[in-house]
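Here the numbering used here runs 1419 ahead of the position in the sequence shown, where the first position is 1. Before any comments, here is the structure.
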Amino acid sequence: MTFRRPAADASPDTWMAYARMLAVVTVFYNVIEGLVSMGFGASNESVALFVFSPALWWVDSLAALVLCGFIAKEGVHGILAASRPDFDGGCGCH
């Protein structure tokens, strides 16, 4: 599979297909990179918490759950804001 850039006078559909292909490759690469980084980070962090304070082994998981809750809340607010009829595509900052 080659990733050649389309010619400058290529049709918009060709450019769109090229952009989609690059987006898919980028997303898959970032997912794999994130999983690898998360694996190394989680093992290091969990070992550090367990070694230095065995009684607080659960703090790491609790902090992750709280963080996930905040991220989910922001996501829900973003989806609700984008679903409003007066949404103009902006970020909401003035």
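All C-beta atoms in this analysis are idealised placements derived from N, C-alpha and C, irrespective of residue type, glycine included.
### Message
By the DSSP assignment, the alpha helix (DSSP H) with Ala1427 in it spans what residues?
### Response
Residue mapping note: residue 1427 aligns to position 8 of the sequence shown, counting from 1. Run containing Ala1427: none; DSSP gives neither H nor E here.
### Query
When you compare only the Cα positions, how much space is there between Val1450 and Ile1490?
Counted from its first residue, the sequence shown places residue 1450 at position 31. Counted from its first residue, the sequence shown places residue 1490 at position 71. Distance between the alpha carbons of Val1450 and Ile1490: 18 Å.
### Task
Helix, strand or coil for Phe1506, going by three-state DSSP, please let me know.
Counted from its first residue, the sequence shown places residue 1506 at position 87. If DSSP states are grouped into helix, strand and coil, Phe1506 belongs with coil.
### Task
Consult DSSP for Arg1439 and reduce its assignment to one of helix, strand or coil.
Here residue 1439 refers to the residue found at position 20 when the sequence shown is read from its first residue. Arg1439: helix per DSSP, three-state reduction.
### Cα-Cα separation between Val1478 and Gly1488, rounded to whole angstroms
Counted from its first residue, the sequence shown places residue 1478 at position 59. Counted from its first residue, the sequence shown places residue 1488 at position 69. Looking at the two C-alpha atoms, the distance is approximately 15 Å.
### Query
Taking the C-alpha atoms as reference points, what is the distance between Leu1475 and Leu1481?
Here the question's residue 1475 lines up with position 56 in the sequence shown. Here the question's residue 1481 lines up with position 62 in the sequence shown. Approximately 10 Å between the Cα atoms of the pair.
### Task
With DSSP collapsed to three states, give me the class of Trp1434.
Here residue 1434 refers to the residue found at position 15 when the sequence shown is read from its first residue. In this structure, Trp1434 counts as helix in the three-state DSSP scheme.
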